Amino acid sequence: DAKTTQPNSMESNEEEPVHLPCNHSTISGTDYIHWYRQLPSQGPEYVIHGLTSNVNNRMASLAIAEDRKSSTLILHRATLRDAAVYYCILRDVGSSGDKLTFGTGTRLAVRP
Amino acid sequence: DSGVTQTPKHLITATGQRVTLRCSPRSGDLSVYWYQQSLDQGLQFLIQYYNGEERAKGNILERFSAQQFPDLHSELNLSSLELGDSALYFCASSVAPRVDEQFFGPGTRLTVL
């Protein structure tokens, strides 16, 4: 399985933008880049995904490098509720099944 | 609330025992996934079912088995339990395999003493 590398932890101030980086140098052409987050004492929650182009949704934006070897999840205005572990995942849609291979994630702390 | 329910919330048992964890997917979802989250291994995919059939397998031990029933709920059976099986077990569901978003339940915390 292709692997992702993320910083163990990051801090942000409330209402400021946050850029969460992810390296995935062994990404293959059929791998989608997915982001999930896990709030304290909850199951993971889908945030966003993309293949090649940058993506925006109501929760966040995803910026994907031209060579696809790295990506950045952008939270435009961090709130206290955004404090969570953020996982960058490569999802292979080439196989018959569908498994998410989670890495160690980035623990985001948001300061009031 | 993701719409995925898991029971029980907590389970405490002894080594060598067998337990069953239950998952009800969101209404309309046909695919169910099981994950294990432990302190040392992180979140690991175990197995996926789609409409009653096994679809993908991950790092699931032979002591563990799962099935999906005609009403689409799923059960994960863990037997000959060891201390290292203590973990959070999450179930997720999606409309179909190979879709963009999986919806995770709140998890079952298993403690093996």
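Sequence order for the protein chains is A and C. Take the first sequence: its position 3, counted from the start at 1, is 3 in this note's numbering, and no numbers get skipped. Offset between the second sequence (1-based) and this note's numbering: plus 1000. The beta-carbon is built from N, C-alpha and C at its ideal position, and this holds for glycine as well. Just so you know, these numbers come straight off a predicted model, no measurement behind them.
**Asked** Ala-60/A and Leu-73/A: beta carbons closer than 7 Å?
**Response** Numbered from its first residue, the first sequence carries residue 60/A at position 60. Numbered from its first residue, the first sequence carries residue 73/A at position 73. Taking 7 Å as the Cβ cut-off, Ala-60/A and Leu-73/A qualify as a contacting pair.
**Item:** Contacting residues, own chain, Cβ-Cβ under 6 Å from His-34/A (five flanking each side not counted)
**Value:** Along the first sequence, read from residue 1 onward, the residue named residue 34/A stands at position 34. These residues qualify, in order along the chain: His-49, Ile-89 and Arg-91.
**Item:** Bridge-paired residues (DSSP) for Glu-11/A
**Value:** Stepping through the first sequence from its first residue, residue 11/A is reached at position 11. DSSP output for Glu-11/A lists Ala-109/A as bridge partner(s).
**Asked** Is it true that the CB of Leu-1011/C sits closer than 7 Å to the CB of Tyr-1089/C?
**Response** Locating residue 1089/C in the second sequence gives position 89, counting from the first residue. Locating residue 1011/C in the second sequence gives position 11, counting from the first residue. Against a cut-off of 7 Å, the Cβ pair of Leu-1011/C and Tyr-1089/C comes out as no contact.
**Request:** Please confirm if Gly-1003/C has its CB atom under 7 Å from at least one CB of chain A.
**Result:** The count along the second sequence starts at 1 and reaches residue 1003/C at position 3. False, the Cβ-Cβ gap to chain A never drops below 7 Å.
**Prompt:** Are any of the Cβ atoms in chain C nearer than 7 Å to that of Val-72/A?
**Reply:** Taking the first residue of the first sequence as 1, we reach residue 72/A at position 72. According to the sequence as given, residue 72/A is Thr; it is not Val. Under the Cβ criterion of 7 Å, Thr-72/A is not counted among the residues facing chain C.
**Item:** Val-1004/C beta carbon less than 7 Å from that of Phe-1103/C
**Value:** In the second sequence, counting from the first residue as 1, residue 1103/C sits at position 103. In the second sequence, counting from the first residue as 1, residue 1004/C sits at position 4. For Phe-1103/C and Val-1004/C, yes; Cβs fall inside 7 Å.
**Message:** Do Thr-1015/C and Leu-1081/C count as a contact pair if the criterion is CB distance below 7 Å?
**Reply:** Numbered from its first residue, the second sequence carries residue 1081/C at position 81. Numbered from its first residue, the second sequence carries residue 1015/C at position 15. For Leu-1081/C and Thr-1015/C, yes; Cβs fall inside 7 Å.
**Asked** So does the segment 76-90 of chain A actually touch the segment 19-30 of chain A, counting three or more Cβ pairs closer than 8 Å?
**Response** In the pairwise beta carbon analysis, the segment 76-90 of chain A is classified as touching the segment 19-30 of chain A: at least three pairs are separated by under 8 Å.
**Message:** Rounded to the nearest angstrom, what separates Ala-1087/C and His-76/A at their Cα positions?
**Reply:** Here residue 1087/C is taken as the residue at index 87 of the second sequence, counted from 1. Here residue 76/A is taken as the residue at index 76 of the first sequence, counted from 1. Each residue's alpha carbon lies about 34 Å from the other.
**Prompt:** Just checking my contact of Pro-1106/C with Arg-1055/C at CB under 8 Å: how many whole Å lie between their CB atoms?
**Reply:** Taking the second sequence and counting its residues from 1, the one referred to as residue 1106/C is at position 106. Taking the second sequence and counting its residues from 1, the one referred to as residue 1055/C is at position 55. Actually they do not touch by this definition, with Cβ atoms about 23 Å apart.
**Three-state secondary structure (DSSP) of Leu-80/A** = Indexing the first sequence from 1 puts residue 80/A at position 80. Of the three classes helix, strand and coil, the one that applies to Leu-80/A here is helix, per DSSP.
**Partners in chain A for Glu-1075/C, counting only beta-carbon separations shorter than 8 Å** = For the purposes of this step, residue 1075/C is taken as residue 75 along the second sequence, with counting starting at 1. Here the premise fails: no neighbours, minimum Cβ distance about 18 Å.
**Asked** Would Phe-1064/C count as contacting chain A if we go by Cβ distances under 7 Å?
**Response** For the purposes of this step, residue 1064/C is taken as the residue at position 64 of the second sequence. No, Phe-1064/C lies away from the interface with chain A (no Cβ there is under 7 Å from its Cβ).
**Ala-109/A beta carbon less than 7 Å from that of Arg-37/A** = In the first sequence, residue 37/A corresponds to position 37, counting from 1. In the first sequence, residue 109/A corresponds to position 109, counting from 1. In this structure, Ala-109/A does not lie closer than 7 Å to Arg-37/A by Cβ.
**Whole-angstrom C-beta distance between Lys-1009/C and Thr-1108/C, which should lie under 8 Å** = To locate residue 1108/C, count along the second sequence from 1; it is residue 108. To locate residue 1009/C, count along the second sequence from 1; it is residue 9. About 6 Å separates the two Cβ atoms, so the contact holds.
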